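From first to last, the protein sequence lines stand for chains D and Z. Residue 235 in the working numbering sits at position 153 of the first sequence; the count goes up by one each step and never skips. Residue 394 in the working numbering sits at position 411 of the second sequence; the count goes up by one each step and never skips.
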Amino acid sequence: MKKLILSALAAATLVGTNISAVQAEKINPWRDCGIGALIFPSVPAGAVISNIIWDLGTTAVTSNASSPDTCEGETVKVAQFIQETFKPLEEETANGSGEHVTAMLNILGCEENVHNSIIKNVRLEYATKLESTEDTQKPQALYNAVIHNTADVCSAS
Amino acid sequence: MFVFPASATSLQENLSLAIQTNLDEHPYWLKLLHYKKHIGSTSGYKSEVISEDFFLSNTKSDPLAELKATIKSIYTPITNPNQHTRCKFIARTQWLQSKLNMELPSIECEEFKQWIDLENINQVQLVFASGYLKNPASFYGHLLLKFSSSSNKNNLLDLSINYGAMLTDTNPILYIVNGIFGGYTAGFSDSRFYRQNHNYGQTDLRDLWSYNLDLSQDQIKQIAFHLWELLDVQFTYYFLDKNCAYHFANLLALVIEAPLTDQYSPWVMPLTIFQKLMENKSKDNPLVKSVTHIASRQSQFYEKYFHLNEKQQQLLKLLLESNDWVSHSKFKSLPDNEKIALINVLFDYIEYQLAELGDSSSDRVQQLSLEKKKLIRTRFSLPASPAKKQRTHLLKTQPPHHSQYPKLIRVSGISSKESSGALLQLRPVYYDILGSESGRMPNSALSMADLTLSNFNGNFAIRRFNIVAIESYNVAKTELRGDNKYAWMINFGLDTPDNMCFNCTRVQLSGGLGKSYKLSHQHIINFMALGSIHTEHNNEGNATIGGQVSLLSKINPSWNSLITFNKTRTLTNVPTSSIKWENSFFNLKHFDVRLSLERNNSNLLVTAGYSFYF
Chain D
83 MKKLILSALA AATLVGTNIS AVQAEKINPW RDCGIGALIF PSVPAGAVIS NIIWDLGTTA
143 VTSNASSPDT CEGETVKVAQ FIQETFKPLE EETANGSGEH VTAMLNILGC EENVHNSIIK
203 NVRLEYATKL ESTEDTQKPQ ALYNAVIHNT ADVCSAS
Chain Z
-16 MFVFPASATS LQENLSLAIQ TNLDEHPYWL KLLHYKKHIG STSGYKSEVI SEDFFLSNTK
44 SDPLAELKAT IKSIYTPITN PNQHTRCKFI ARTQWLQSKL NMELPSIECE EFKQWIDLEN
104 INQVQLVFAS GYLKNPASFY GHLLLKFSSS SNKNNLLDLS INYGAMLTDT NPILYIVNGI
164 FGGYTAGFSD SRFYRQNHNY GQTDLRDLWS YNLDLSQDQI KQIAFHLWEL LDVQFTYYFL
224 DKNCAYHFAN LLALVIEAPL TDQYSPWVMP LTIFQKLMEN KSKDNPLVKS VTHIASRQSQ
284 FYEKYFHLNE KQQQLLKLLL ESNDWVSHSK FKSLPDNEKI ALINVLFDYI EYQLAELGDS
344 SSDRVQQLSL EKKKLIRTRF SLPASPAKKQ RTHLLKTQPP HHSQYPKLIR VSGISSKESS
404 GALLQLRPVY YDILGSESGR MPNSALSMAD LTLSNFNGNF AIRRFNIVAI ESYNVAKTEL
464 RGDNKYAWMI NFGLDTPDNM CFNCTRVQLS GGLGKSYKLS HQHIINFMAL GSIHTEHNNE
524 GNATIGGQVS LLSKINPSWN SLITFNKTRT LTNVPTSSIK WENSFFNLKH FDVRLSLERN
584 NSNLLVTAGY SFYF
């Protein structure tokens, strides 16, 4: 159990991994690291639905504890954060700042002096997806915009 | 890593020293193992922990055997550091090292280090989640603990600790029975604070109060070490006395000498812990450095709404009564900064309303969700704004420790034209509508096992016994759609139908539904339809219906007043009416003075009482 909790919580320890665009492309935390991945291992679309209905919480990360290379690290943690706090986070992203935005960038190890420029770019990119994205897919769209715009400027330290 | 062989001499010496110095009877050791005095145990103790693997001696009731087993285990060779006793039971190991002469090889507890970054943590906060009338288990509030760094103002990623029952059913009857009589196991769990903030503040709309404890770095470490030991551990859950408040008080007792619970009370309430923390000191220093309010989404909405000027408030009201808010001509004509201000109030309004409406798929939910989407799009089309500045708090919410103590003894004299006597009221929990309302749902009452005895001419009788009595005026703070909920009350127990009858109690279940309106900053009027079923009294039947009008006035902090006009009729058509004026004076934490006048049909009754809260 402790191990399971650890895997869910290592997010904010901010130790270790560089966030690379390559890694981000490889992992879809919603599809690969959630409850749905266990329930629908061969049907990625089903996995996505299941995760969004239920949770992308501790249990979700736990279920993939045997795959530490893919489902640990800051990208999964930030996906979890986005999924769980999406409503205030989306509002703050629209405003361009806020405590959830700051916490999200802290998970990714972004220095404070680059927060404004990152969120400016995230804001622009995510806004273009709003019209065409289903509500259930919006956390992933925000996640993609965040990962895309932090890949070269943030690292856990 | 090179591992030194364990020193047999050192082990034997330390075992002897531990036994000679009676470390097994040391209060700290008893606390770490959660031993409590137990008559049925040969040692006189039994641990409250029910998990087998918390004990190295294979017994839960022998502090000495556990001490010996722990010392021996500390000396075992290190093969897997994270699974070694020194990493699994860090608090025990550290304490024994401080008491004995242990020469031990170095060890790195990597999992513990990943769990908590003690290098950067220098604060522990105890968090009170205010009471929640939608769930009986949450009436009395809840407790959390979190670790934070004074250099980090963003607390969402703080490591937070919760204590709760592990629920196995959703049947409400089983839920209550298992909760009270030990049908659930419980334990500590950990998560980042954003999850607690979301669950309590966004979903349940409960305000949080964070009490920053004045602890040394060593004390913070002791708490962290012991929590690490407890994360996999299970206890038996008892709602009344072995609940979150009890276990967090036990945890803090490792480093705080002052008692945080009432030793002889059969129940432990979260509020009591905070009141004790504020009252007690450690070496003449307060135990709490500061108290911070973390507003729920509903409170955030009110705060922002009352910062709007009158014209903006009127526009907001107009928008909410229309469809397609962002297309409204008056909204479109606003300058950007005013649009942004309104949108942010509307974000909070919508989420507050959605939280109230729950998971329903009603038209209202769909409409609000649609408006939210449009608002988000509109907000993205406007310029980004800088981070919000600290706002002045217009709502003046008081922290929970300012409230009156939950247990009450009230002695009153009562007099009418015909006779006079005395009343004794005993209420184990919690508050009535005239009491101070710090940290509580405003304009509400919640009491359980509330007994009033009378003595007239030497004859004792039960005058009233409320097993459960809850009342909520639910006063709207704004005139906005959806911010005006029903007032309601429910009461089950014994009552006296005629206040001039001194020995005629009956069993009754009553309820009421109505509306409340704010007349001014100080005055609230409430209209409520009433209905009750009850045992028969004077051949008046088993059911009564009626209504009441109440005027609640908070004249000043030392004087609250409630005037109630009540008119009812039994199903056998027997009418009754009464008018009652109740007053509460002083409203201090430990006492108040009550004075009431009541005209019941044609009789006038005067009551004056002194209340002691503890």
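C-beta atoms are modelled at their ideal positions from N, C-alpha and C, and glycine is treated no differently. Note that the structure is a prediction, hence the values are computed from the model and not measured.
Thinking residue i and residue j are a contact (beta carbons under 8 Å), I'd like their distance in whole angstroms, please.
i: K29/Z; j: K19/Z; result: 7 Å
i: L237/Z; j: Q205/Z; result: 5 Å
i: N182/Z; j: Q108/Z; result: No, N182/Z and Q108/Z are not in contact; Cβ-Cβ is about 17 Å, not under 8 Å.
i: S403/Z; j: G396/Z; result: 7 Å
i: Y596/Z; j: K563/Z; result: Y596/Z to K563/Z, Cβ: 22 Å. No contact.
i: F218/Z; j: T168/Z; result: 7 Å
i: S533/Z; j: L545/Z; result: 6 Å
i: I50/Z; j: W12/Z; result: The amino acid occupying residue 50/Z in the given sequence is Leu; Ile does not appear at that position. Contact holds; Cβ gap of about 7 Å.
Show which residues of chain D have a CB atom less than 9 Å away from the CB atom of residue i.
i: E334/Z; result: K169, P170, E173
Closest by CA to residue i, which one among the options?
i: N195/D; options: C236/D, C115/D, N110/D, R113/D; result: C236/D
i: K498/Z; options: T488/Z, P155/Z, A512/Z, H504/Z; result: A512/Z
i: F164/Z; options: A207/Z, Y220/Z, S131/Z; result: Y220/Z
i: P253/Z; options: G124/Z, P318/Z, L116/Z; result: G124/Z
i: S193/Z; options: A207/Z, W471/Z, Q106/Z; result: Q106/Z
i: L587/Z; options: N482/Z, G514/Z, N549/Z; result: N482/Z
i: S34/Z; options: F171/Z, K356/Z, S368/Z, Y247/Z; result: F171/Z
i: L409/Z; options: D415/Z, S421/Z, T435/Z; result: T435/Z
i: G114/Z; options: W78/Z, S386/Z, I22/Z; result: S386/Z
i: K357/Z; options: S174/Z, W308/Z, I104/Z; result: W308/Z
i: Y611/Z; options: S585/Z, N566/Z, N584/Z, R582/Z; result: The requested residue 611/Z is not part of the displayed model; chain Z covers only -16 to 597.
i: L116/Z; options: N154/Z, H9/Z, L492/Z, M472/Z; result: M472/Z
i: W542/Z; options: R178/Z, K460/Z, Q505/Z, L150/Z; result: Q505/Z
Mapping the DSSP letters down to three states, classify residue i as helix, strand or coil.
i: E454/Z; result: strand
i: P558/Z; result: strand
i: S419/Z; result: coil
i: A236/Z; result: coil
i: I22/Z; result: coil
i: P269/Z; result: strand
i: S430/Z; result: strand
i: V(-14)/Z; result: With a pLDDT of 42 at V(-14)/Z, under the threshold of 50, the modelled position of that residue is not reliable, and the figure given next carries that caveat. Residue state, collapsed to three classes: coil.
i: S113/Z; result: coil
i: R446/Z; result: strand
i: N467/Z; result: coil
i: L337/Z; result: helix
i: Y593/Z; result: strand
i: V235/D; result: coil
i: T210/D; result: helix
i: I33/Z; result: coil
i: S174/Z; result: strand
i: D307/Z; result: coil
i: H125/Z; result: strand
i: Q80/Z; result: helix
i: S89/D; result: Bear in mind that a pLDDT of 42 at S89/D, under 50, signals an unreliable position, so the number given afterwards is only what the model happens to contain. If DSSP states are grouped into helix, strand and coil, S89/D belongs with the helices.
i: R189/Z; result: coil
Under 8 Å Cβ-Cβ, which residues of chain Z neighbour residue i?
i: K202/D; result: A367
Which residues in chain D sit within 7 Å of residue i, going by Cβ to Cβ distance?
i: L139/Z; result: E181, H182, A185
i: H181/Z; result: E166, T167
For a contact defined as C-beta to C-beta under 8 Å, what are the partners of residue i on chain D?
i: I33/Z; result: What I33/Z touches in chain D: nothing, since even the nearest Cβ is about 15 Å away.
i: I73/Z; result: Per Cβ cutoff of 8 Å: no residues; I73/Z is ~12 Å from chain D at best.
i: I359/Z; result: E172, E173, A176, L212
i: Y601/Z; result: Since the first residue of chain Z shown is -16 and the last is 597, residue 601/Z is not available in this structure.
i: F330/Z; result: E173
So which residues on chain Z does residue i lean against when the C-beta distance must stay under 9 Å?
i: R205/D; result: F363, A367
i: I229/D; result: Residues of chain Z passing the Cβ test: none, with the nearest at roughly 18 Å.
i: N110/D; result: What N110/D touches in chain Z: nothing, since even the nearest Cβ is about 22 Å away.
Against residue i, what residues of chain Z qualify as contacts under a CB-to-CB distance less than 7 Å, listed in chain order?
i: N188/D; result: N137, L140
Given 8 Å, three or more beta-carbon pairs between the stretch 219 to 232 of chain Z and the stretch 140 to 147 of chain Z: yes
Given 8 Å, three or more beta-carbon pairs between the stretch 446 to 454 of chain Z and the stretch 428 to 436 of chain Z: Yes, the stretch 446 to 454 of chain Z touches the stretch 428 to 436 of chain Z.
Stretch-stretch touch, CB-based, cutoff 8 Å, three pairs: the stretch 518 to 533 of chain Z with the stretch 545 to 553 of chain Z: yes
Cβ pair count under 8 Å reaching 3, the stretch 357 to 371 of chain Z against the stretch 380 to 393 of chain Z: no
Meets three-Cβ-pair contact criterion under 8 Å: the stretch 164 to 171 of chain D and the stretch 214 to 228 of chain D: Enough Cβ pairs lie closer than 8 Å, so yes.
Contact the stretch 486 to 505 of chain Z vs the stretch 571 to 591 of chain Z: 3+ CB pairs below 8 Å: no
The stretch 88 to 96 of chain Z touching the stretch 66 to 75 of chain Z, judged by at least three CB pairs closer than 8 Å: yes
Segment contact flag, the stretch 462 to 478 of chain Z with the stretch 298 to 305 of chain Z, C-beta cutoff 8 Å, min 3 pairs: yes
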